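Residue numbers (the numbering used here), protein chains in the order written: chain B, 1 to 734; chain V, 1 to 312.
Before any comments, here is the structure.
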Amino acid sequence: MPDLLLELFSEEIPARMQGKAALDLKKLITDGLVEAGLTYKSAGSFSTPRRLTLAIEGLTAESPDVTEERKGPRADAPEKALEGFLRSTGLTKDQLEIRDEKKGQTYFARITKPGRKAEDILADVIPATIRNFPWPKSMRWGAGSLRWVRPLHSILCILTDEAGHAVVPFDVDGIAAGDTTEGHRFMAPGRFGVTSFDDYAAKLKAAKVVLSAEERAKAIWHDATNMAFAAGLEVVDDRGLLSEVAGLVEWPVVLMGEIGADFLELPPEVLQTSMKEHQKFFSVRNPKTGRIERFITVANRETVDNGATILAGNNKVLSARLADAKFFWENDLRIAKSDMQTWTRSLENVTFHNKLGTQAARIDRIAALARDLAPVVGADADQSETAARIAKADLSSEMVYEFPELQGLMGRYYAEAAGYPAEVAAAAEEHYSPLGPSDDVPTAPISIAVSLADKLDTLTGFWAIDEKPTGSKDPFALRRAALGVIRLVLTNNLRFNLDRFVDAQLVRHKISLNGEEETGLLVLLKEIADHGVFGAALETVRDKLTEKGNELAERVPDVSVDLLRFAHDRLKVHLRDEGIRHDVIDACLAMPGNDDLALLVKRAEALAGFLGSDDGENLLQGYKRAANILAQAEAKDGVEYRYGADVKFAETDEEKTLFTALDTAATQVAPALEADDFGAAMTAMAALRAPIDAFFEAVQVNAENEVIRRNRLNLLHDITAICAKIADLGKIEG
Amino acid sequence: MADTTSQPRSFQEIILRLQTYWATKGCAIMQPYDMEVGAGTFHPATTLRSLGSNPWAAAYVQPSRRPTDGRYGENPNRLQHYYQYQVLIKPSPPDLQALYLGSLDAIGIDTSIHDIRFVEDDWESPTLGAWGLGWEVWCDGMEVSQFTYFQQVGGHDCKPVSGELTYGLERLAIYILGVDHVMDMPFNDPDAPIPLTYGDVFKQTEEEYARWNFDVANTDMLLKHFEEAEAECDAILAQEHIDPKTNKRIIMAHPAYDQCIKASHIFNLLDARGVISVTERQAYIGRVRALAKKCADAFVMTEAGGFIPETA
């Protein structure tokens with residue numbers, strides 16, 4: 001059982017690609033080997049900046065013989081067909097077997113493919129894997145045509161067993177597999193031979209290469225935390241940076257340096273971002289003050305001066321970077337303190353989207369909507385509007401120009417410095433949230449108002465110009481915006497009808513798209529008619545116009561409803577992740593007031609809980625049975641049975657009991673629904689299960705007596721009607 | 001010849017050492033292109049010569065202009081006019097990384113005490129319709145060079161691939177010479193009878209150009225020049241390949257490319273003047289790229305571009 005060692009040695013592989021490449025190498029090659037009939041005990045892969053390595057233990061030395069049977073032409077087929085079959089199987093006629101088949105006597109061939117040696121299989125699988133390797137970006141070099149992530153220099157590929165090691169003979173575009181490799185570029189240049197994986201790993205370490213990325217990361221973290229601890233400090237945790245840095249070195253040497261006193265007053269996030277983005281430094285924090293006081297850099301070598309020159313160089317580069325950051329910070333603060341609106345005004349020259357106008361126009365619309373929304377989220381209207389007006393001001397600041405990822409956060413610092421109330425300043429940072437599905441949702445009222453207004457303005461804007469997401473394309477992250485709205489509403493249990501705010505903002509967009517506010521309501525309505533807007537906006541405009549307006553309004557495609565449908569679709573995805581079935585949501589969506597998302601979800605949650613219970617499941621069956629019988633009868637008789645059943649025509653006890661139960665339920669369900677207490681409504685409904693079951697058990701609906709039959713059909717209608725108050729149960733599957 | 005056993009003492013010594021180093025490695029030491037460009041890549045010795053199958057090896061200093069980077073000579077390392085050192089070898093030799101590291105040694109960066117790293121940085125020039133993969137090279141955390149394997153230029157696949165090295169000379173020199181501000185850097189030998197600093201040579205011009213670039217340049221005129229350069233480029237390339245006077249096949253790829261360079265620089269000036277909006281920006285870049293592509297198309301039809309004329 002030989003072991004395989006493969007190393008692909010190249011120029012520096014981007015750190016972000018190394019981990020996946022090592023996994024891909026393992027998967028592609030082991031899959032290829034297994035497909036070719038080999039098996040193995042275990043496989044592991046490794047990466048450094050200059051190499052991808054795969055070690056397979058206990059590989060079978062050869063693949064087994066494989067026998068396959070192939071059906072040929074019929075015995076009475078023309079000679080040509082037989083010749084073709086013989087050619088394709090490589091057999092002679094006397095080697096074929098003739099069997100009786102349904103369609104007559106038929107030739108069969110048994111072909112035995114002899115097993116292949118592991119080295120021959122490897123010599124096929126490895127070059128094919130190299131040629132088709134799934135790098136996110138690959139390149140050519142020199143005069144060759146091979147593609148790799150960076151120029152590939154050498155291939156080490158050996159099989160090792162008790163008898164020793166042997167090179168697997170293959171060649172990829174002139175690079176022949178061998179049994180040598182190189183150590184660290186600077187600390188141990190020169191090639192050396194390798195006989196097995198253990199020998200390889202040991203010799204690499206001696207040549208100043210730690211093969212395992214995990215081991216490098218551990219060593220870095222260990223040394224960094226120790227060094228910080230010794231100084232009474234702590235390293236700011238950053239797993240992403242750690243794995244990136246581990247991919248930039250073969251021989252990590254951790255060095256700690258001080259941040260110049262001039263820069264310690266910068267916000268910690270600025271220090272951290274500048275050091276991480278530009279220099280890939282870790283931040284080292286003083287746990288007592290929370291201030292970032294030092295940095296950790298990871299060099300790729302040891303030096304005779306113990307890294308003194310390297311650290312001095314890094315220190316100097318950092319000082320230049322931080323001098324820039326400090327310059328931005330001080331300039332920005334000066335402007336913020338004099339008038340933060342200067343920045344907002346300068347956004348008049350910044351295009352948000354060529355159809356939707358400038359950032360400044362967008363801020364105006366968001367501010368107006370934030371003001372509208374303030375009462376429903378419990379925020380002060382003036383403060384919400386102010387917050388919206390300064391929330392994006394930092395987009396004009398130099399710091400955010402340099403570090404776009406600090407947008408919002410800088411706005412908060414600057415707004416605080418400018419003397420805005422803390423809640424207003426906080427909205428600058430928080431109004432971007434939530435960005436992702438697991439991001440924190442703002443809970444402060446002003447932040448909620450601005451965040452909702454921002455997202456609704458984006459959604460209505462792109463809907464107004466018909467730039468909706470299609471398939472996988474969502475360049476303006478509108479799905480994310482819709483999910484943001486949903487999470488804001490649900491997390492904060494905000495009860496309001498979304499539709500009217502959507503309509504209000506659509507009208508604002510239409511007005512800015514038309515250019516002039518005084519264009520006149522008719523023009524606006526024409527625009528609405530052509531491009532579509534409905535709901536309150538249209539009503540408002542139509543109310544002010546006479547018949548002419550109504551005529552146009554009749555043929556309006558409904559943008560507002562379309563956007564609400566989009567929001568509902570996102571809500572379905574969100575609720576599905578929370579375990580609520582899509583048909584349950586559909587049943588609730590069919591109810592009025594479905595633009596009140598919090599209400600909709602309350603209803604769906606209660607319904608999902610109810611249907612999960614035994615009573616709920618049975619009641620659903622009862623409802624379906626009632627609805628079916630009723631539908632058939634109505635279709636047959638051509639009348640609707642809706643005229644109220646009368647208990648005086650009830651013949652059986654089961655019927656009478658059901659009458660009573662429906663009356664009782666009706667008196668309980670109505671107030672429960674009035675109070676949006678779906679739980680109580682469902683409990684009241686649960687009491688109907690037994691009487692309905694008993695009714696269907698004992699009573700024949702289609703009675704001989706026409707009066708009694710009609711009465712029973714009307715009773716069935718009462719069942720469906722009370723259910724319809726809860727949700728459209730007809731949409732529930734099963 | 002510069003003394004390579006000691007540390008260089010001036011800006012010009014670093015340049016001279018690079019020239020000597022790459023000359024000994026077989027590069028043709030070329031002179032700067034005589035037009036305003038934004039980077040050494042724009043020199044036809046790189047842009048055009050990276051196209052086609054003919055082998056090539058050139059190294060040169062290229063004065064480069066980035067009007068938006070002007071800081072009136074006050075920023076320690078930001079300039080609107082600066083120098084790049086450019087090396088282009090086609091096909092890229094297998095030991096290009098080692099050759100490059102040798103050049104660092106030649107200019108006084110001792111790799112046994114410094115930390116040299118190749119950090120992913122893919123290069124793309126939207127105006128040239130060009131891209132390549134490679135790294136920025138770090139020395140103790142500072143970017144000292146750009147190292148790129150060209151994959152496409154002017155919309156053409158590079159076959160063979162050129163290896164391109166770009167050194168930002170001022171930044172590199174500030175580091176090697178241990179000065180804090182570019183203007184304090186010795187330009188010539190500090191012990192010369194008339195020692196000159198970088199500031200002596202360039203402080204005043206940085207001020208003058210910053211003022212002109214940002215506030216004075218006549219934008220109407222520049223816009224007109226842009227259109228003219230664009231039109232001239234098209235007109236040159238629209239000519240018949242056979243020159244009616246000499247009856248020779250003369251495709252004027254280089255004169256056309258000069259117009260492309262001109263358009264690109266005018267665009268940079270307009271950008272610095274702040275008269276190009278975000279949306280217009282993309283359109284201008286697209287127009288320059290269209291010129292670069294046409295020039296590349298024309299160059300590959302010339303002998304220098306690898307075109308083999310049919311023998312009668």
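Even glycine gets a Cβ: it sits at the ideal position worked out from N, Cα and C.
All values reported here derive from a predicted model rather than from experimental measurement.
Nearest candidate by alpha-carbon position, reference residue 322 of chain B, set B/674, B/403, B/150: B/403
From the DSSP output, in three-state form, read off residue 303 of chain V for me. coil
So what does DSSP say about residue 19 of chain V, is it helix, strand or coil? helix
Relative to the alpha-carbon of residue 690 of chain B, which residue among B/669, B/678, B/659 has its alpha-carbon at the smallest distance?
B/659
### Query
Among B/238, B/489, B/671, B/99, which has the Cα closest to the Cα of residue 602 of chain B?
B/489
Next on the checklist: According to DSSP, simplified to helix, strand and coil, what is residue 197 of chain V?
Outcome noted: Strand at residue 197 of chain V.
Three-state secondary structure assigned by DSSP to residue 138 of chain B:
coil
Just tell me which of B/571, B/654, B/599, B/730 has its CA closest to the CA of residue 628 of chain B.
B/730
- Item | Cross-chain neighbours of residue 135 of chain V in chain B, by beta carbon under 8 Å | 12
Could you tell me whether the segment 201-209 of chain B touches the segment 171-186 of chain B, using the rule of 3 or more Cβ pairs below 8 Å? Yes, they touch.
**Prompt:** Closer than 7 Å, CB to CB, is residue 313 of chain V near chain B or not?
**Reply:** Residue 313 of chain V lies beyond the stretch modelled for chain V, which goes from 1 to 312, so this question has no answer here.
Given residue 55 of chain B, which residues of its chain have a CB within under 6 Å of its CB, disregarding the five upstream and five downstream residues?
5, 44, 197
Neighbour list for residue 317 of chain B in chain V, Cβ cutoff strictly below 8 Å: Ordered by position in chain V, the residues that pass the 8 Å Cβ test against residue 317 of chain B are 140, 141, 142.
Worksheet item: Are the C-beta of residue 301 of chain B and some C-beta of chain V separated by less than 7 Å?
Response: yes
Handout entry: Straight-line Cα distance separating residue 431 of chain B from residue 532 of chain B
Key = Unreliable positioning characterises residue 532 of chain B in this predicted model, as indicated by a pLDDT of 45, which lies under 50. A coordinate reading is not provided.
- With a cut-off of 8 Å, do at least 3 Cβ pairs link the segment 7-16 of chain V to the segment 179-198 of chain V? Verdict: yes, contact present.
Practice prompt. Please classify residue 530 of chain B: does DSSP put it in a helix, a strand, or coil?
Written response: Caution is warranted here: a pLDDT of 49 is assigned to residue 530 of chain B, below 50, making its placement in the model unreliable, and no coordinate value can be reported.
Q.
Taking a contact to mean a Cβ-Cβ separation below 7 Å, would you say residue 293 of chain B touches residue 286 of chain B in this structure?
A. yes
Take residue 341 of chain B as the anchor and find which of B/389, B/311, B/398, B/638 has the nearest alpha-carbon.
Ranking B/389, B/311, B/398, B/638 by Cα distance to residue 341 of chain B puts B/389 first.
With a Cβ-Cβ cutoff of 7 Å, do residue 464 of chain B and residue 498 of chain B count as a contact?
Taking the C-beta atoms as reference points, residue 498 of chain B is found no nearer than 7 Å to residue 464 of chain B.
Note to self: Measuring straight from C-alpha to C-alpha, what distance separates residue 202 of chain V and residue 141 of chain V?
What the structure shows: 27 Å
Margin query: To the nearest angstrom, how far is the alpha carbon of residue 1 of chain V from that of residue 18 of chain V?
Written below: With a pLDDT of 42 at residue 1 of chain V, under the threshold of 50, the modelled position of that residue is not reliable, and the figure given next carries that caveat. Annotation: residue 1 of chain V to residue 18 of chain V spans about 11 Å, alpha carbon to alpha carbon.
Checklist entry - Beta-carbon of residue 55 of chain V versus every beta-carbon of chain B: anything under 7 Å? => result no
Exercise for the section: Could you name the residues of the segment 580-593 of chain B whose beta carbon sits closer than 9 Å to any beta carbon of chain V, in the order they occur along the chain? Expected result: Identification of residues in the segment 580-593 of chain B having a C-beta nearer than 9 Å to some C-beta of chain V yields an empty set.
| Does the pairing of the segment 102-112 of chain V with the segment 42-52 of chain V give three or more beta-carbon distances under 8 Å? | no
Tell me the DSSP secondary structure of residue 192 of chain V in three-state form. coil
(request) Please confirm if residue 215 of chain V has its CB atom under 7 Å from at least one CB of chain B. (result) No - not a single Cβ of chain B is within 7 Å of the one on residue 215 of chain V.
### Query
How many whole angstroms separate the CB atoms of residue 347 of chain B and residue 335 of chain B, which I take to be in contact at a CB cut-off of 8 Å?
Cβ-Cβ separation between residue 347 of chain B and residue 335 of chain B: approximately 13 Å, too far for a contact (criterion under 8 Å).
In the segment 389-433 of chain B, which residue ranges form an unbroken alpha helix (DSSP H) of at least 4 residues, counting only runs that do not cross its ends? Qualifying alpha helix (DSSP H) stretches, in chain order: 398-402, 409-417, 422-430.
Is it buried or exposed, residue 114 of chain B, if we count other Cβ atoms within 10 angstroms and call 16 or more buried? exposed
**OP:** Rank B/149, B/671, B/122 by C-alpha distance to the C-alpha of residue 133 of chain B and give the top, closest one.
**Re:** Residue B/149 is the option with its Cα nearest to residue 133 of chain B.
Original post:
Since residue 291 of chain B is in the beta strand (DSSP E), which residue starts that stretch and which ends it?
Top reply: First-last for residue 291 of chain B: undefined, no H or E at that position.
Inset, instruction - Can you tell me which of B/142, B/386, B/330, B/707 puts its alpha carbon nearest to the alpha carbon of residue 647 of chain B? - result: B/707
Requested in this report: Measure the C-alpha to C-alpha separation of residue 626 of chain B and residue 358 of chain B and round it to an integer number of angstroms.
Outcome: 58 Å
Q. How about residue 68 of chain V: is its C-beta nearer than 7 Å to some C-beta of chain B?
A. Contact of residue 68 of chain V with chain B is not assigned, every C-beta pair being separated by 7 Å or more.
Please classify residue 11 of chain B as buried or exposed, where buried requires at least 16 other C-beta atoms within 10 Å of its C-beta.
buried
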